[in-house]
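In our numbering, the protein residues as written are 11 to 608.
1. Is the number of C-beta pairs between the region 439-459 and the region 593-607 that are closer than 8 Å three or more?
2. Please name the residue, chosen from 12, 133, 402 and 36, that lies closest to residue 174 on a Cα-to-Cα basis.
3. Taking residue 367 as part of the alpha helix (DSSP H), name the residues at either end of that continuous run.
4. Between residue 494 and chain B, is any beta-carbon pair separated by less than 9 Å?
5. Please determine, among 248, 208, 26 and 92, the residue with the shortest C-alpha to C-alpha distance to residue 74.
6. Please confirm whether any heavy atom of the ligand NAP lies closer than 8 Å to the CB of residue 305.
7. Hey, how far is the Cα of residue 441 from the Cα of residue 530?
8. Taking all protein chains shown into account, decide if residue 593 is buried (16 or more other Cβ within 10 angstroms of its Cβ) or exposed.
9. Is residue 473 helix, strand or coil by DSSP?
10. Which of the three DSSP states, helix, strand or coil, is assigned to residue 86?
11. Less than 9 Å separating the beta-carbons of residue 177 and residue 262?
12. So, at 6 Å on beta carbons, what are the nonlocal neighbours of residue 389 in its own chain, with the 5 sequence-adjacent residues on each side left out?
13. Sorted by chain position, which residues of the same chain lie with C-beta nearer than 8 Å to residue 518's C-beta, five sequence neighbours on each side aside?
14. Using 8 Å as the Cβ pair cut-off and three pairs as the minimum, do the region 293-304 and the region 330-349 touch?
15. What is the rounded straight-line gap between the Cα of residue 490 and the Cα of residue 480?
16. So what's residue 69 in DSSP terms, helix, strand or just coil?
17. In terms of alpha-carbon separation, which member of 91, 421, 395 and 127 lies closest to residue 359?
18. Let me check understanding here. Comparing Cα to Cα, which of 20, 218 and 60 lies closest to residue 70?
19. Pull up the distance between the alpha-carbon of residue 492 and that of residue 208, whole angstroms please.
20. Could you tell me the boundaries of the alpha helix (DSSP H) in which residue 27 lies?
21. Can you tell me where the alpha helix (DSSP H) holding residue 245 begins and where it ends?
22. Return yes when the Cβ of residue 585 is within less than 9 Å of the Cβ of residue 524, no when it is not.
23. Could you tell me which of 528, 161 and 538 sits nearest to residue 109, measuring between CA atoms?
24. For residue 575, does the count of other Cβ atoms within 10 angstroms reach 16, so buried, or fall short, so exposed?
25. Can you grab the Cα-Cα spacing for the pair residue 164 / residue 465, in whole Å?
26. Rounded to the nearest angstrom, how far is the Cβ of residue 416 from that of residue 143, given a contact under 8 Å?
27. So what's residue 397 in DSSP terms, helix, strand or just coil?
28. Can you tell which of 190, 431, 217 and 274 has its C-alpha closest to the C-alpha of residue 203?
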C-alpha cells in the first residue's frame, strides 16, 4: 500500500502539469501533517506554487485541491487556509493502513543489508583515571540510541569506544597510588576498580592544589606555580618514561588500568551498553605521531625552537594548536588524528560520528580542519561531532577533580531504590517473587533514567531530577512502561475470554479516537527517518509520549473487550496490539526495556 503522502505528491505534480503546464519535481512539494489548529490530516504548502500558477494562494489551493479530490479515492474533503491546502482522508485509508502495518512485525524499520553504507558512532570515551559519572551516562545513552536509530534507517552501524588510557591525567592517578596507596587493591578495599583509581586522582589534585597555593604564597604567579609544583613535574617525568617504555611505569599503568576496565565493564552491563569495537589511545597515538611527522615534512605543521609541533589555523578562523609537546609526548589531538585514520582504513565509513559534549566543539573543529585542510584527507569531510549539552543537577555543576560528580553506579542504584519505593507504595510489586520484583525495579528505574535524559534535545543543557523522572504520570519512562503493561494485560484478558483478533474484519468505519492513534502509528517510519537524519533520539522519545497519551485517551473513552460488536472489538484489539508493538519498538531504539506487567 502506497503511503498517502506519496500519493498526494504524485497527484499534485500531475495537477500542476495539467493545470499550469509545468513539470515539477516531487522534492519541491512540501507535504506535512496538518497543524492541530486546522481541520485536516495532511497539508500541501501552496505558497511556492503561486509562482507557477500566477494566481493567489487561495485560488491555487482550491484548483489543486479539486483536482486531487477527483483523482484520489482516499481524499474525502479539503480546505484552503491562506497558503495551506489541508486534506482530510477517507476512513477506509486508515482501515487499510492498520491491516498492512499489523502484518509487518518490524513495522517502521529498515533492515541493514550487506551493501548498506557504514556509519561509525563513537561514544563513551572515558578516561581511565576515574569512574563513569552522570555526564558519561548521557553520552552513552545518546550514542547507543543513535546507533540503534541509524541501524533502523538501514545503515550498517559500528558502535565504537575510544578509551583514553594514557596521558598526563592517567599518570596523576598512577603517581598518587604509588605515593599514598600502600598497595591498596580493589579486593583489599572492597571498591570497584574504577572507583579506587578515581579516589587517587582526586587525592593527587588535592595535594597538587596545595603545592600550587604554597608557591603562590612564596611569590610565584598562578601560571608559574602550576608549572613548577613538584607533583606536576613528577607526573610529566612519569609520562615521558611511559612513552619510552620504562618497565616499572608500564607495569604500574597496566595494573591500574586493568582495575578500571573491570569496573567499566560492570557499569556498561548494568546500563545495557555494548560496543562492536574498543580502541585504546595507547594503541592509536603512535599512528597520530606518524601522521604529524608526515605533515611536518610537507610543511603543513610548524616545529618551534623548543621542539613542540603546532598547526596554524588562523586562516581558517581559529588559532594555533599544539600537536606534540616539546618533550615529544602527544596530546589528545594526536591520538584522535591517528584513530580517525585507522577507522577510515578499517571501515571506509560513510560517516564518522563523535558523541562528545559541547565543551569539545573547538577540539573537533580543529580535528576536521587538520585532517581535511592540512593532511589532505578528503574522507575527513564525513566527520560529524554530535555536540550535546551538559547535564546538571538541582545542586549545580559537577567537578571531577574535586570529587563532586554523581557516580554512574550510585545513580543507577538510586534509581532502582526510587523505583522500588514508588512501586511498593502503589502496590505494583504484589504477587511477584523477589526475583521478579527486583527485575521490575531495575526495568522501571533504568527506564526512568534513560527516558528522562533522551527526551531532551541533545543540543540542550539539561537538569536531571531523579524524583521527577520516576513519576507515573506525565512525560516519563514509567508512564510509557505502564501503558505498555496495560496493553499487554488487555490482550491477555481478551485471549482468556476467547477473543481472536487476528482474523479479517469487515470494519469500514472508525471513530476519532481510533483515527488519532492510527495517524500517530502512520507517522512512526517518518519519525525514525527524521530522528536518524538529525541525530536526535528526543524525536523518538517525544513521539512515544504522544502515542501513549492518545492510546490512554482511547482506552478510557472507548470500550474494547466490552464492545458488543465482535468485529469492532477485534479491530480495537488489533489496534491495541500494533500500538504496543510500536511502543516496544520505539523504546528499544532508546535502549529501554518494558515490563510485561506493572
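Note that beta-carbon positions come from the ideal geometry of N, C-alpha and C, so glycine has one too.
Put simply:
1. The region 439-459, when compared against the region 593-607, does touch it at the 8 Å Cβ threshold.
2. With distances taken between Cα atoms, residue 174 lies closest to 133.
3. From DSSP, residue 367 is part of no alpha helix (DSSP H) but of the beta strand (DSSP E) over 361-367.
4. The chain labelled as chain B is not found in the depicted structure, where only one protein chain is given.
5. The candidate whose alpha carbon is nearest that of residue 74 is 26.
6. Of the ligands one can find in the structure shown there are none, so the ligand NAP has no counterpart to examine.
7. One C-alpha to the other measures close to 35 Å.
8. In this structure residue 593 is buried. Its beta-carbon is surrounded by 16 or more other beta-carbon atoms within 10 angstroms.
9. Residue 473: strand per DSSP, three-state reduction.
10. Residue state, collapsed to three classes: strand.
11. Not closer than 9 Å, so no.
12. Taken in chain order, the residues that qualify are 354.
13. These residues qualify, in order along the chain: 101, 102 and 105.
14. With the cut-off at 8 Å, the region 293-304 and the region 330-349 touch.
15. About 11 Å.
16. DSSP places residue 69 in helix when its eight states are reduced to three.
17. Minimum Cα-Cα distance from residue 359 among the listed residues 91, 421, 395 and 127 corresponds to 127.
18. The closest CA to that of residue 70, considering only 20, 218 and 60, is found on 60.
19. Counting only the Cα atoms, residue 208 lies some 38 Å from residue 492.
20. 14-30 is the span of the alpha helix (DSSP H), which, as asked, contains residue 27.
21. Unbroken alpha helix (DSSP H) run through residue 245: 240-253.
22. The answer is yes: Cβ separation under 9 Å.
23. Ranking the options by Cα distance to residue 109, first place goes to 528.
24. By the neighbour-count rule (16 or more Cβ atoms within 10 Å), residue 575 is not buried but exposed.
25. Those two C-alpha atoms are separated by around 23 Å.
26. About 6 Å; that satisfies the 8 Å criterion.
27. It is a strand residue.
28. The option with the nearest alpha carbon to residue 203 is 274.
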